[in-house]
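Using my numbering, read the sequence shown as starting at 105 and increasing by one per residue.
Even glycine gets a Cβ: it sits at the ideal position worked out from N, Cα and C.
One structure is given below, encoded as structure tokens.
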Amino acid sequence: MRCAMQDAVEELETLLQLATQVHQLQQQEQQQQQQQQQHQQQQEQQHQQQQEQQHLQQQEQQHQHQQQHQQHQQHQQQQQQEVY
105 MRCAMQDAVE ELETLLQLAT QVHQLQQQEQ QQQQQQQQHQ QQQEQQHQQQ
155 QEQQHLQQQE QQHQHQQQHQ QHQQHQQQQQ QEVY
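This is the structure we're talking about:
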């Protein structure tokens, strides 16, 4: 009897070990998936930030260009006045 009980206990222990190993593996897989998702989200956020920065730079460049154009016009007007 005792031998059979010992066998059963040992079997249960090995099953438990297997179960915990499987559980650990599943947790690791979930963690890896979460990390991958976070990485993708970070890349998307960086991409959005870059687009926003480019948009801001374009606006600034347009503004500078308009200022230069106005200065140029003023200069032409001054020259015309001097001629008269």
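Taking only the alpha-carbon atoms, compute the straight-line gap between residue i and residue j and give it to the nearest angstrom.
i	j	result
V126	Q135	14 Å
L120	Q157	55 Å
Q174	H159	23 Å
Q178	H169	14 Å
Q182	H176	10 Å
A128	E117	Correcting the residue identity first, residue 128 is Gln in this sequence and not Ala. Looking at the two C-alpha atoms, the distance is approximately 16 Å.
Q138	Q131	11 Å
For residue i, collect the residues of the same chain with a Cβ closer than 7 Å to its Cβ; drop the 5 residues on either side in sequence, then sort them by chain order.
i	result
Q144	none
Suppose the cutoff is 6 Å on Cβ atoms and the five residues either side in sequence are ignored; what does the same chain contact list for residue i look like?
i	result
H167	none
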